[in-house]
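Chemist: Numbering (UniProt numbering), first residue to last: 1 to 199.
Beta carbons are placed, not taken as given, at the ideal position from N, Cα and C, and that holds for glycine.
(1) Applying the criterion that 16 or more other CB atoms from any shown protein chain within 10 Å of the CB defines a buried residue, is residue 148 buried or exposed?
(2) Can you tell me whether residue 55 is buried or exposed, with buried defined as 16 or more other CB within 10 angstroms of its CB?
(3) Keeping to the same chain, check which residues put their C-beta closer than 7 Å to that of residue 203; ignore five residues upstream and five downstream.
(4) Where residue 168 and residue 115 are concerned, what is the direct C-alpha to C-alpha distance, given to the nearest angstrom?
(5) I need the DSSP call for residue 26, collapsed to helix, strand or coil.
(6) Quick check on DSSP: helix, strand or coil for residue 103?
(7) Are residue 137 and residue 18 touching if we call contact CB-CB under 8 Å?
(8) Classify residue 4 as buried or exposed, calling it buried when 16 or more other Cβ atoms lie within 10 Å of its own Cβ.
(9) From residue 104 to residue 73, what distance separates their C-alpha atoms?
(10) In chain order, what residues of the same chain have a beta carbon less than 8 Å from the beta carbon of residue 112, not counting five sequence neighbours either side?
(11) Going by DSSP, name the residue or residues bridged to residue 3.
(12) Should the region 173–191 be called in touch with the region 147–162, which here means at least 3 C-beta pairs below 8 Å?
If you want it as structure tokens, here you go:
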């Protein structure tokens, strides 16, 4: 039995690698169109990027993957329960289902895979307008301007994607370069390139 309160597939499928790579591909296409004249193509940039259509397609792709996971569980005779579990004892969990009803499940072995939550700083004026990297995938309209806080690879990836899609992008970091845990040549190279691109 698998008990999951959100969607099957975990972070990677739902709010991580997969939807980020789909967004990265859209950003790469935008960059290719922008640079096409340098390669002899006269591609007219007449229409703005349609975020709404893109988001619907990306969300549909993720839902399709969720369905594949659910079918794979069923094919392997694994019962899938959508709800939230609370451990009652060594071999017993209480599951709160979507409709609010509760059921108790007994098992010889219980595996806990709870995931994690981002650390949210204390409230500052305007913080209610912000979101974390999970919330990025819920954005309904492409913003005209974004401020990203952080120097790690997630913030840097999002900055690159937003910038390529035509969003005025600001990246706030504590030091002179980002990706501080990466090789210095990567830090310096990416920092210079982002500055050249106007991030």
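Modeler: Looking at the coordinates:
(1) A residue is called buried once 16 or more other Cβ atoms fall within 10 Å of its Cβ, and residue 148 is buried on that count.
(2) Buried is the call here.
(3) Coverage of the chain is limited to positions 1 through 199, which leaves residue 203 absent and any answer about it impossible.
(4) When only Cα atoms are considered, residue 168 and residue 115 end up about 33 Å apart.
(5) Residue state, collapsed to three classes: helix.
(6) Residue 103: strand per DSSP, three-state reduction.
(7) Cβ distance not < 8 Å, so residue 137 and residue 18 don't count as in contact.
(8) Counting the other Cβ atoms within 10 Å of the Cβ of residue 4 gives 16 or more, which makes it buried.
(9) Straight-line Cα distance between these residues: approximately 21 Å.
(10) Counting only residues of its own chain and dropping the five nearest sequence neighbours on each side, residue 112 has a CB closer than 8 Å to the CB of 87.
(11) Answer by DSSP bridge pairing, in chain order: 81.
(12) Touching, yes.
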